[in-house]
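In the numbering used here, the protein residues as written are 3 to 252. Built from N, CA and C at the ideal position, the CB exists for glycine as well.
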Amino acid sequence: MALLRALMKKLSTEEPATSAPPENETPRAELPCVRHLRPLEQRKQLLTIRHNQRDYQSLILALDTERELLWLDELFPRALNLEPGDDLTVSHHHNGQLFEFTAPLVGWSTPHRSGGVALPLPQQFYSGPRRRWPRLNVFGWHPISARVAVPGLSPLSGEVLNISAGGVRLSLTGDWRPFLHHRDLLPLCEFTVAPGLRVRCRARVCAFQLSLRPWRQTRVSLAFEDLAPETRQALAHFVLEQRERAAAAA
């Protein structure tokens, strides 16, 4: 909270602004994130803003490097009930590359909480392939049964098609599309990869589709939400080890 109060004090004006240092003052080194944000600002690129499991769109109004603030245009659709300190996840992906960070809301460009919003420029961010973790196809050679809990239904049983340290793709017999929604948070995703390596966590729905071959099934892609770090590390090791074995045998 002390950090948040300090950031709020930086908002001494109601409009986003950028300023240059005096001629006799050495310019402050820019934060590394600015190198990624500047092209997005110049090209007026739409950004995805995520808050409380909902996605919005916005674009960069200004990079206030002097006060280390990022000003975003009003979120669309309009986000209600935003409060200072609420975490917003900002992302942009293009050609398989992802830039993403999470930062707290520190203010608005008007006293009535409309218009642009301000976030601190992030010290930490991710920039790299949209798919961060190598993926391993297991269907057909390493059968793995799984259970997922979908709100309003009894736990569903399925089979793992592929896995990574970041998520899983499952096959669920039947058509479950009416019960699935993009970005839904499922309270349980559970399966055992190998002896001693059990995945049990919540998962978010990334994609789903109906497939009629080789049987009527719903294929669902899930992202792990609160997987224990040691389990994620063990899963990443398992995927890499199996991929290396497959490459050596080829």
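C-beta contact flag for residue i and residue j at 8 Å
{"i": "W178", "j": "L163", "result": "no"}
{"i": "L49", "j": "H95", "result": "no"}
{"i": "V108", "j": "P124", "result": "no"}
{"i": "C203", "j": "F226", "result": "yes"}
{"i": "L172", "j": "A196", "result": "no"}
{"i": "W217", "j": "T175", "result": "yes"}
{"i": "A105", "j": "L82", "result": "no"}
{"i": "E102", "j": "F127", "result": "yes"}
{"i": "L258", "j": "E70", "result": "The requested residue 258 is not part of the displayed model; the chain covers only 3 to 252."}
{"i": "H53", "j": "D88", "result": "yes"}
{"i": "P136", "j": "L242", "result": "yes"}
Burial state of residue i (16 or more Cβ within 10 Å)
{"i": "A209", "result": "exposed"}
{"i": "F141", "result": "exposed"}
{"i": "T15", "result": "Low local confidence applies: a pLDDT of 47 at T15 is under 50, so the model's placement there is unreliable, with the coordinate-based value given in what follows. T15 should be labelled exposed."}
{"i": "S60", "result": "buried"}
{"i": "S166", "result": "buried"}
{"i": "E76", "result": "buried"}
{"i": "Q244", "result": "buried"}
{"i": "L190", "result": "exposed"}
{"i": "L39", "result": "buried"}
{"i": "L214", "result": "exposed"}
{"i": "G160", "result": "buried"}
{"i": "Q219", "result": "buried"}
{"i": "L72", "result": "buried"}
{"i": "L199", "result": "exposed"}
{"i": "L212", "result": "exposed"}
{"i": "A205", "result": "buried"}
Whole-angstrom C-beta distance between residue j and residue i, which should lie under 8 Å
{"i": "S111", "j": "G169", "result": "The pair is not a contact, with the Cβ atoms about 37 Å apart (cut-off 8 Å)."}
{"i": "V207", "j": "D186", "result": "4 Å"}
{"i": "L155", "j": "V119", "result": "Not really, about 37 Å apart at Cβ, beyond 8 Å."}
{"i": "V92", "j": "I51", "result": "6 Å"}
{"i": "R65", "j": "V36", "result": "A small fix is needed here, since residue 65 is Leu in this sequence, not Arg. At roughly 6 Å, the Cβ-Cβ gap stays under 8 Å, so L65 and V36 are in contact."}
Where the alpha helix (DSSP H) through residue i begins and ends
{"i": "Q244", "result": "231-251"}
{"i": "Q125", "result": "Q125 -> no alpha helix (DSSP H), and no H or E assigned at all."}
{"i": "R37", "result": "34-44"}
Residue i: first and last residue of the uninterrupted beta strand (DSSP E) it sits in
{"i": "Q219", "result": "219-226"}
{"i": "V207", "result": "199-213"}
{"i": "H94", "result": "89-96"}
{"i": "R132", "result": "Taken as a continuous stretch (DSSP letters only), R132 belongs to no beta strand (DSSP E), as it is neither H nor E."}
{"i": "H53", "result": "49-53"}
{"i": "P153", "result": "From DSSP, P153 is part of no beta strand (DSSP E); its letter is neither H nor E."}
{"i": "R185", "result": "That residue, R185, is in no beta strand (DSSP E); it is neither H nor E in DSSP."}
{"i": "P113", "result": "It is not in any beta strand (DSSP E) - P113 carries neither H nor E in the DSSP assignment."}
{"i": "P106", "result": "99-106"}
{"i": "L56", "result": "According to the sequence displayed, residue 56 carries Arg and not Leu. From DSSP, the beta strand (DSSP E) with R56 extends over 56-60."}
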